[in-house]
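Sequence order for the protein chains is A and B.
With the working numbering applied, the first sequence corresponds to residues 1 to 416, in that order.
With the working numbering applied, the second sequence corresponds to residues 1001 to 1416, in that order.
We treat Cβ as the ideally placed atom computed from N, Cα and C, and that holds for glycine.
Keep in mind that this is a model prediction, so the values were computed, not measured.
Protein chains: 2
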Amino acid sequence: MPELIQGNAVIGQSGGPTAVINASLVGVIEGLRQGGAGSPGNPITKILGMRHGVSGLVRGEFHDLTNISPDRLDRLAATPSAGLGSTRDKPDAPYCERIFEACEKHNIRYFFYIGGNDSSDTCRIVNELSNERNYELRCFHVPKTVDNDLVGSDHTPGFPSAARFVAKACMADFMDNISLPGIKINVVMGRHAGFLTAASAMARRGARFGFEPAGDGPQLIYVPEVAFDLDRFVQDVAQVYDRQGRCHIAVSEGIQDKEGQSIGAMLIQGQVDDHGNVQLSGSGALGDQLAGVLKARLTPEGGTALRVRADTFGYVQRCFPDQSPVDLREARGSGRFAARLATSGDLDGSIAIVRTSPIGVDQPYAARYERIDLSVVAGKTRHMPAEFLDGHNNVSEMFLDYCRPLVGELPSYERL
Amino acid sequence: MPELIQGNAVIGQSGGPTAVINASLVGVIEGLRQGGAGSPGNPITKILGMRHGVSGLVRGEFHDLTNISPDRLDRLAATPSAGLGSTRDKPDAPYCERIFEACEKHNIRYFFYIGGNDSSDTCRIVNELSNERNYELRCFHVPKTVDNDLVGSDHTPGFPSAARFVAKACMADFMDNISLPGIKINVVMGRHAGFLTAASAMARRGARFGFEPAGDGPQLIYVPEVAFDLDRFVQDVAQVYDRQGRCHIAVSEGIQDKEGQSIGAMLIQGQVDDHGNVQLSGSGALGDQLAGVLKARLTPEGGTALRVRADTFGYVQRCFPDQSPVDLREARGSGRFAARLATSGDLDGSIAIVRTSPIGVDQPYAARYERIDLSVVAGKTRHMPAEFLDGHNNVSEMFLDYCRPLVGELPSYERL
C-alpha cells in the first residue's frame, strides 16, 4: 500500500434516494475496510457517515460506521433509500467553504459523496478548496441517479432498478389496459433525461425477447429530448386508438415544448383555485391535465366521454424493494472501486460504469469501472442519444438492447 | 359422479382486474377438467371464456378454453389482469335477459362469473331467470376484488396481492420519507372499504414482527369507514410533524365526511379551469388537493413552504406482478372449488374463504372454501369491522394479525 495520510473517512448520500444507494454506501465501507480501516497503524482511523449529506457534515452530525458488522452491511445493501439520510442542499461557494472547514475540524482525509451531477459538483469544489489550502483530502464522487443522466457512464446505479419497476408496472398496467380498454397515460420520472420513461418500452413482449412488438403497450413514449407538441400528441393518440380501440402512453414528467418550456408548468398554469390564485402543481397534475385534454378533444361530439385515465408513478419508482441484480452488484462494486482508488494513491475522481460488451440481442452483458475526472461529470446532464430514439414518440431497438440486461429478468405473461 | 345435464361451461371475468383473477380462471378450468370436461360421454362439452365478460357473452364472443395446455394454464395463472378481458357493464333486468338467451343459444349449462359484488348480483339474477324458465343452468360466482369488501368471506382473492404491493410501496416510501423528511400522502384504492389502505400499516416494522411500531410510517391512516374531518386531519398531521419532523400518511380514495359525502369530490369541486368550468378529477386530484391544504395551513407565516408531496398509487396496485403466495393459491383453489360444486350436484352459489386458524401473532394460517348462497354476497358491501380500527386514524393490532399471513413475507430492512 502506498504512503497514505492518517485520518478519518466520511461518506454521504445526496439527492433523491434510490433502491441501491445503500449498496454503494456499503461498497465504500467494504472498500475502506479492505484497506484495513480502523486497525491500529492503518491510515484510516474512523469511517463516518454524514447524517443527511453535507447538511449533517457541516453540523458535525455523523453515524460511526467503522465497526458495523458484515451482516448488518449485507442487510443495509439490500435496503432501499438513503440509510444515512439525504439532502437537497446544493452547496454554493460559501457552503463548500463550511464543508471544507468541517473536514479540517474532524480530521477527514477521505471524502466520498454518493449522488448525481450536483453531488459531483460539490466534490469538485471541495476538492479545489483542499488543493488551494494544501490540505490533503481525497475526494470521490460515487454515481447515483434514477434519471441515468450522468456524463461519462454507460448507465448510472439506481437507474436499472427504477427501470425495472417502470417496466414491470407498465407490463401490469398494459394488461389492465387490454382487459378494460381505454386511453391510459403513465407519467414517469425524469426532469431532463428520458431514459426512465423510455424503459417503459421494456413492458412490450417484443422488447423482452427481441421480436416485433405487435401492438403491445406503451405504443407511445414521450421523453424530454424530443420537443412535445400537444396537437401532435392528440393526433398520435387518436391514431392508435382508432386502430386498436385502446392506447397506452408513457410520458416523462419533464416533457417540454420546442422553446424548452415545461409542458407540465404550462398546462397547470391555466388552473386556478376558488380564491383565484394559481393552483400549485401536485404530483398528479401533469397526467391529469393531459388526460383532460385527450378527453375533451377526442370524445366525439354528443358521444359518450372517452375512458381516459392517468397515473403518476411517483416516489415508489425510485425505491421499490425489487432491485435489478446487475444494479445491486454495480452499485456496491462502484463504491468499493472508489474506496480502493482513494486508498491506492488516487487523489480525486468520479466512477464511471463502462460497458465492455456490445449492445445487441442476446449479447452477454459485461462492464468495468473506470476513474474519470470530477470535471467530466460535475454539473453536466447527459441526454438520450439520437440512436436510442425512433421518431418523436418511440425508442429504438438499440435502446431496448441497451436496457434489457440492466433491468434483469422480467415475468413472462400468457395471453389468450 | 351425479347425473349432470350435457352442455357447455362458460367462464367470465368482470370489474377491475387483479393480480390473481387469472388464477381463479385457471382454477375453474382445472376443476371442470377434473370432472372430465371435453371427454366423450362427459356432461361438459366445451369450456368457453367470455370475451370481456357478459358484454362478450351476449355478442357470442368466446375463447375456446377446452383444450388449453396445462403449461399455458400455469403461465396464465401467474399473469396479472383479466386474460379473457373484463367489463364494467352492470347488467339490469333486460341485460340479464339477453345473458340468459345467450346461454340458451350456446347450450351453456354451467356459468361461472369471477368478480365482485356486482358480478355476484348478475349471477343471482341470471340464476333466477333460469329457474323461472325451467332451464337448468348452474350459476357460480367466484370472488375477486382488491377492495376486500365481499360479505361472507374472511378476505377476497385479489386483496392479499394488492395489500402486498401497498405494504411494499409504503415500506419503500417511508424509507424515502426518513431520508428526505417532509409530509407525504399516499392515496390508496378503496371506494367504500378501507382494507387496502389499512394494509399500508404492514409497512411498519412493528407490524411485520409484532412489536411496537416506534414511530414507523404511515403514522396516520384514513379509511372510508371513519368520517373524515379536514380540520382534525390538519391537526393530526401537525402533531406528528412537530414530534418527528416528518409525517407519512395513507389515505383511502373513498374517504367521506360524516354525511357520507366524498371528500375527493368536494375538494375538487372548488377547482375550475380557465374557461370557468368545473375541472374534472384526474386520478391524482385528491392527493394533490390534500397536499395543498396541508401546505397552506401548516406553513408558518412568512416561513419556507413545507415540503408536502402526494402520490396516488393508481392501477399498478391492483395488478403488480408480485403476487402473495397465499393469494395465488386461494384464487386458484376457489375457482376449482366452484367448478367441483357445479359438477357435483350444487346448482348455484358463491365461494367464501373462511379462516380456520385464530387471528393472532405467530398463529399458523389456515382457511377453507365454503359454498354460500348468492343472495348472501350479491350487491352488498362489507366494511372494516370496528375491531380492525384504532381511533380515527389508525388500525388495530388485530387487523395487523389478520393481514400478516395474507401479504406474505416482506423484505427486512436495516436502519442505521
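- Per DSSP, reduced to three states, the secondary structure at V326/A is helical.
- T1304/B is classed as exposed because its beta carbon has fewer than 16 other beta carbons within 10 Å across all chains shown.
- Assignment of beta-bridge partners to Y222/A by DSSP yields V251/A.
- Taking each of G1284/B, A1193/B, V1308/B and Q1289/B in turn and checking the Cα distance to G1254/B, the smallest one comes out for A1193/B.
- D1089/B is outside the set of residues whose beta carbon lies under 8 Å from a beta carbon in chain A.
- The shortest C-alpha to C-alpha distance from G1215/B to any of A1201/B, E1414/B and D1121/B is the one to A1201/B.
- Look at G115/A here: in three-state DSSP terms it is strand.
- Pairing G53/A with V187/A gives a Cβ-Cβ distance that is not under 8 Å.
- Closer than 8 Å to the CB of H63/A there is at least one CB belonging to chain B.
- The residue among I1221/B, I1011/B, N1134/B and E1003/B with its C-alpha nearest the C-alpha of F1388/B is I1221/B.
- Residue contact with chain B for E414/A: present (Cβ-Cβ distance below 8 Å to some residue of chain B).
- According to DSSP, D1348/B shares a beta bridge with C1139/B.
- D154/A and A1078/B have their C-alpha atoms roughly 34 Å apart.
- Beyond the five residues adjoining it in sequence on each side, A1238/B comes within less than 8 Å, by CB distance, of L1298 in the same chain, given in chain order.
- Take the alpha-carbon of N107/A and the one of K90/A: they are about 23 Å apart.
- Within chain B, the residues placing a beta-carbon under 7 Å from that of S179/A are P1017, S1081, A1082, G1085 and S1086, ordered along the chain.
- Residues of chain B whose Cβ lies closer than 7 Å to the Cβ of K380/A do not exist; the shortest such Cβ separation is about 23 Å.
- Taking G1027/B as the centre and dropping the five residues before and after it, the same chain places the C-beta of R1332, G1335 and R1336 closer than 6 Å to its C-beta, in chain order.
- The C-alpha of Y110/A is placed about 17 Å away from the C-alpha of D121/A.
- Per DSSP, reduced to three states, the secondary structure at L1406/B is helical.
- Taking CB atoms only, T1299/B has no neighbour in chain A less than 8 Å away.
- Residue contact with chain A for A1163/B: absent (no Cβ-Cβ distance below 8 Å to any residue of chain A).
- In the three-state reduction of the DSSP assignment, T122/A falls in the helix class, which pools H, G and I.
- Following the DSSP letters along the chain, one finds R297/A in no beta strand (DSSP E) but inside the alpha helix (DSSP H) bounded by residues A285 to L298.
- Within the region 309-332 of chain A, the residues whose Cβ lies closer than 8 Å to any Cβ of chain B are, in chain order, R309, A310, D311, T312, F313, G314, Y315, V316, R318, C319, F320, P321 and D322.
- In terms of Cβ geometry, R1133/B and D1348/B do not form a close pair [threshold 8 Å].
- Among the CB atoms of chain B, none fall inside 8 Å of the CB of G360/A.
- Comparing alpha-carbon positions, the option among M1175/B, G1190/B, S1081/B and V1377/B lying closest to L1150/B turns out to be V1377/B.
- Burial is judged here by how many other beta carbons sit within 10 angstroms of a residue's own beta carbon; R232/A has fewer than 16 and is exposed.
- Contact of A169/A with chain B by beta-carbon distance below 8 Å involves V1316 and F1320.
- By the CB criterion at 8 Å, L1025/B and G1083/B fall inside the cutoff.
- Here T1197/B carries a helix assignment [DSSP, helix/strand/coil].
- For G12/A, none of the residues of chain B pass the 7 Å Cβ criterion, the least Cβ distance being about 12 Å.
- Within its own chain, the residues whose Cβ lies closer than 6 Å to the Cβ of G264/A, once the five positions on either side in sequence are excluded, are L286, listed in chain order.
- At least 8 Å separates the CB of P143/A from every CB of chain B.
- Within the same chain, and ignoring the five residues on either side of V20/A in sequence, the residues whose Cβ sits closer than 7 Å to its Cβ are P157, G158, S161, Q323, D327, L328 and A331.
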